[in-house]
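Novice: Position one of the sequence shown corresponds to residue 620 (this note's numbering), numbered consecutively onward.
Sharing a structure, written as structure tokens. Questions coming.
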Amino acid sequence: MKKFLVYAFLLSSILSYSQGSLVLVGGGGESNGGWSDAPYTWALDQSQNRKVAVIYYSSSTSWIPEYFMDLGASDTAKFDIDNLTLANSQATYDSLMNYDVFFIKGGDQWDYYNTWKNTKVEDAITDKFNQGGVIMGTSAGMAILSEVVFTAENGTVYPDEALTDPYNWIDIALNDDFLGIFQGYIFDTHFVERGRFARLLVFMANWYQNWGTQRKDGIGVDDRTVLCIDTNNIGEVMGSAAVTIIENNVWFNSHISKDTKYTQLLNGHKYNFDSKQIVNGSTNIILEPTPPLNPILYNNYTNTLLVSGSDSLEHMDKFLCELDSAHGQIQDDIYIYTTKPNRADLLANKINQLNNPNTFIVDISNGTNLPSTDFSAPNKILFYENDWDILKDFLNNATNGNILKNKLKDGITITAFAGQDSKFIGTTFCSNLHNDVYASYYGNLEFEKGLNLIQKSIFMPNTFDKYTSSYYENTTSAIPWAMATDTLAHGFYLSYDSYLVIQQSANKKSVYQREGRIILLTNEGTTAEKVSSYVYSSQNFLRQIVGFDNFRIKCQNFISWPVVEWGSVTNPSAINEHNTPKGKLLNITNILGEQTIEKRNTPLFYKYENGKVEKKIIID
């Protein structure tokens, strides 16, 4: 009987200790009556004694402790732990363990990693979590809670830097030897505000390629937004923007991400991290798989098209060289259509320096008075520095404009768009990206219909450029917003040093990235929803953020493979801009049509239940 009681006591002791709760805060200042009230109160409600330890690596104010008291905490204390002696003190550990909620402030995660690793503070945080406590972290304090941590040992990493050299950029410092509170993930914060979805993709790929034996998924939390994960591993979003969950699909070294599931959840949405399923997600907007378009790309637009992602002439050399020498005849006349001749003159000089003296600037502001041959004669045309209203009016209402519009779709003329003109080629574009750095935050982004040369699409030139990083929330959020509200199939993020070449081949259209890296967001059919939660209860605006259950995101390294293709060489009538559910894999064949097993470094054809055939080459 005594043995039974001892065993029962031990069992009850073990059962009383379980995984705790996590509160992952994407950053941003807390406020009474604002976005932070609900999640911070949730944290108190998950704890046993409602006592909060506010932990920081330097001196801090009393505002956060007082805020928790206002929300109903029974007690709070500040722990400013800025040196190894204090961090490794048993007294520090014992004091911390009197509290059931640990709140780790923002700042620089390297200070946390460098000062607290392998100390009593690290022990206290992990022990408290394993005993069922609540661990909260905001900004850098959140970033250190994932299994794999971006330590920031070499400083921050901008998205454009991460994309430039995903596997070898020295500042990408990742490690898995710290807290490891939430296994299987890499965290990032200030997500939409700083355009960090690009660098999180790189972190995930970098870890798998260089250090890991297992893929790690990614969680990105926007500022003034929180992911609360309970003891059952169910996460609920609270706050003014979104939580992004990216399932890792690194494909050897060929892709940073390959058709990876990309989910954005809003206030009230829930996610089961055990099953990796949405429990409660977006429902308001139903985005069916994009139907076959007729006419589609190969019918309504067959010109070879070059699309620059750069606003700066210094990054256009290869783009301009390809326009001159890789398509049509070398040193063909290049006509530059513009409403700002002085700016276009700089571009013409650049082309001249690259050994093509045959450039002509056409000011379409005066287009009605120019000879029609300025619009009918050229074999290569380039749009640069155009005022959209003037360009649109000219194309739609002027005789010469109609000639130029027909030129765009004659199937012969080599066509290029540079700078911000690149956004005009899609179905929809954002017209005021750079008018106000807070346009998306205040819900003031505006959209217009573009030239629709590439249907069901939106293009974002110069998405990632650290010199215009203040606009990252605008450039990052505009694409999914337009895709959800206009039911678009594709969103192309072009970095400052990138360009695309879109070419017709038989009955299919292929999109190739040349310089830099392109990130492609694809809607294959999902549900979506606009944000409906305010930053502050007294405000009258909503952020321009959407939630969606299942987009796909792709970023590849190789330039020889198309980023995306539309159409079929063998069956033109099957042209389709979306991937319908493929069903089961039926067989794999080689180029001779013989059934085979999966092999590396050889082209293979994968046939699925729905009749779709995919060509793949698996690279070692």
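Where a beta carbon is used, it is the ideal one built from N, C-alpha and C, also for glycine.
Roughly how many angstroms separate the alpha carbons of residue 791 and residue 761, rounded to a whole number?
Specialist: Those two C-alpha atoms are separated by around 18 Å.
Novice: I think residue 698 touches residue 673, with their Cβ atoms under 8 Å apart; what is that distance to the nearest whole Å?
Specialist: Correct: roughly 7 Å between the Cβ atoms.
Novice: For residue 774, which residues of its own chain have a beta-carbon under 7 Å away from its beta-carbon, when the five flanking residues on both sides are left out?
Specialist: Hits under 7 Å: 790.
Novice: Pick helix, strand or coil for residue 1109, following the three-state DSSP scheme.
Specialist: Residue 1109: strand per DSSP, three-state reduction.
Novice: Contact check, residue 708 vs residue 736 under 8 Å by CB: the rounded distance?
Specialist: Not quite, the Cβ-Cβ distance comes to about 15 Å (not below 8 Å), so this is no contact.
Novice: Have a look at the DSSP bridge pairing and note the partners of residue 1171.
Specialist: Paired residues: 880, 1141.
Novice: Going straight from the alpha carbon of residue 964 to that of residue 982, what length do you get?
Specialist: Straight-line Cα distance between these residues: approximately 11 Å.
Novice: In chain order, what residues of the same chain have a beta carbon less than 6 Å from the beta carbon of residue 756, not counting five sequence neighbours either side?
Specialist: Here the set comprises 723, 764.
Novice: Identify whether residue 748 lies in helix, strand or coil by the three-state DSSP scheme.
Specialist: In the structure shown, residue 748 sits in a helix (DSSP, three-state: H, G or I).
Novice: Which of the three DSSP states is assigned to residue 827 in this structure?
Specialist: Looking at residue 827 - three-state DSSP - the assignment turns out to be helix.
Novice: Kindly indicate which residue of 801, 795, 771, 802 has the alpha-carbon position closest to the one of residue 788.
Specialist: Closest option to residue 788, Cα to Cα, is 771.
Novice: Please report the distance separating the alpha-carbon of residue 1154 from that of residue 888.
Specialist: Cα to Cα, residue 1154 sits roughly 17 Å from residue 888.
Novice: Which runs of the alpha helix (DSSP H), 4 residues or longer, sit entirely within the segment 806-862?
Specialist: 816-829, all fully within the segment 806-862.
Novice: Within the chosen definition, does the segment 1091-1099 reach the segment 1036-1056 through at least 3 CB pairs nearer than 8 Å?
Specialist: The segment 1091-1099 vs the segment 1036-1056: in contact.
Novice: Compare the Cα-Cα distances from residue 1143 to each of 976, 1076, 679, 685 and report the closest residue.
Specialist: The shortest Cα separation from residue 1143 among 976, 1076, 679, 685 belongs to 1076.
Novice: On the criterion of 16 or more Cβ atoms from any shown chain inside 10 Å, does residue 898 qualify as buried, or is it exposed?
Specialist: Flag for residue 898 reads exposed.
Novice: Suppose only complete runs of 4+ residues qualify. What are the alpha helix (DSSP H) ranges in the segment 891-960, listed by chain order?
Specialist: Listed in chain order, they are 916-919, 936-944.
Novice: Give the single residue among 652, 643, 647 whose Cα lies nearest to the Cα of residue 1158.
Specialist: It is 652.
Novice: Using alpha carbons as the reference points, say which of 1001, 875, 1065 lies closest to residue 1135.
Specialist: Measuring from the Cα of residue 1135, the nearest candidate turns out to be 875.
Novice: State the Cα-Cα distance for the pair residue 638 and residue 807, rounded to the nearest angstrom.
Specialist: Answer to the nearest angstrom: the Cα atoms are 22 Å apart.
Novice: For the alpha helix (DSSP H) that residue 1031 lies in, which residues bound it at each end?
Specialist: From DSSP, residue 1031 is part of no alpha helix (DSSP H); its letter is neither H nor E.
Novice: Only counting runs of 3 or more residues, tell me where the beta strand (DSSP E) segments fall wholly within the segment 698-757, in order along the chain.
Specialist: Taking only runs of at least 3 residues, the beta strand (DSSP E) segments lying wholly in the segment 698-757 are 720-723, 753-757.
Novice: I believe residue 800 touches residue 734 by the beta-carbon criterion, under 8 Å. Please report the beta-carbon distance rounded to the nearest angstrom.
Specialist: About 17 Å; that fails the 8 Å criterion.
Novice: Quick check: the segment 843-853 against the segment 825-832, are there 3 or more CB pairs under 8 Å?
Specialist: Contact fails: fewer than three Cβ-Cβ distances are below 8 Å.
Novice: Between residue 1190 and the rest of its own chain, which residues show a CB-CB distance below 6 Å, the 5 nearest in sequence each way excluded?
Specialist: Any answer about residue 1190 is weak, because its pLDDT of 35 lies below 50 and its placement is not dependable; what the coordinates show is given next. Answer for residue 1190: no residue qualifies.
Novice: Taking the DSSP output, what are the residues bridged to residue 1185?
Specialist: Looking at the DSSP assignment, residue 1185 forms a beta bridge with 1128.
Novice: Do residue 1113 and residue 1182 come within 7 Å of each other at the CB atom, strictly closer than that value?
Specialist: The answer is no: Cβ separation not under 7 Å.
Novice: With respect to the alpha helix (DSSP H) encompassing residue 1066, which residues constitute its N-terminal and C-terminal limits?
Specialist: Careful: residue 1066 lies outside any alpha helix (DSSP H), inside the beta strand (DSSP E) at 1066-1068.
Novice: If you count every other CB in all the chains shown that lies within 10 Å of the CB of residue 684, and 16 or more means buried, which is it?
Specialist: By the 10 Å Cβ count, residue 684 comes out buried.
Novice: Run through the DSSP bridge pairs and tell me what residue 1092 is partnered with.
Specialist: Per DSSP, none; premise fails for residue 1092.
Novice: Could you check how far apart the C-beta atoms of residue 986 and residue 1081 are, in whole angstroms? I think they sit under 8 Å.
Specialist: Not confirmed; about 27 Å, so no contact.
Novice: What are the residues that DSSP puts in a beta bridge with residue 641?
Specialist: DSSP, once it has assigned bridges, lists 754, 848 as partnering residue 641.
Novice: Of the residues 1034, 1008, 1005, 988, which one's Cα is nearest the Cα of residue 1019?
Specialist: Residue 988 is the option with its Cα nearest to residue 1019.
Novice: Are the CB atoms of residue 1041 and residue 1009 nearer to each other than 7 Å?
Specialist: Not in contact: residue 1041 and residue 1009 (Cβ atoms no closer than 7 Å).
Novice: Can you tell me where the alpha helix (DSSP H) holding residue 995 begins and where it ends?
Specialist: Residues 992-995.
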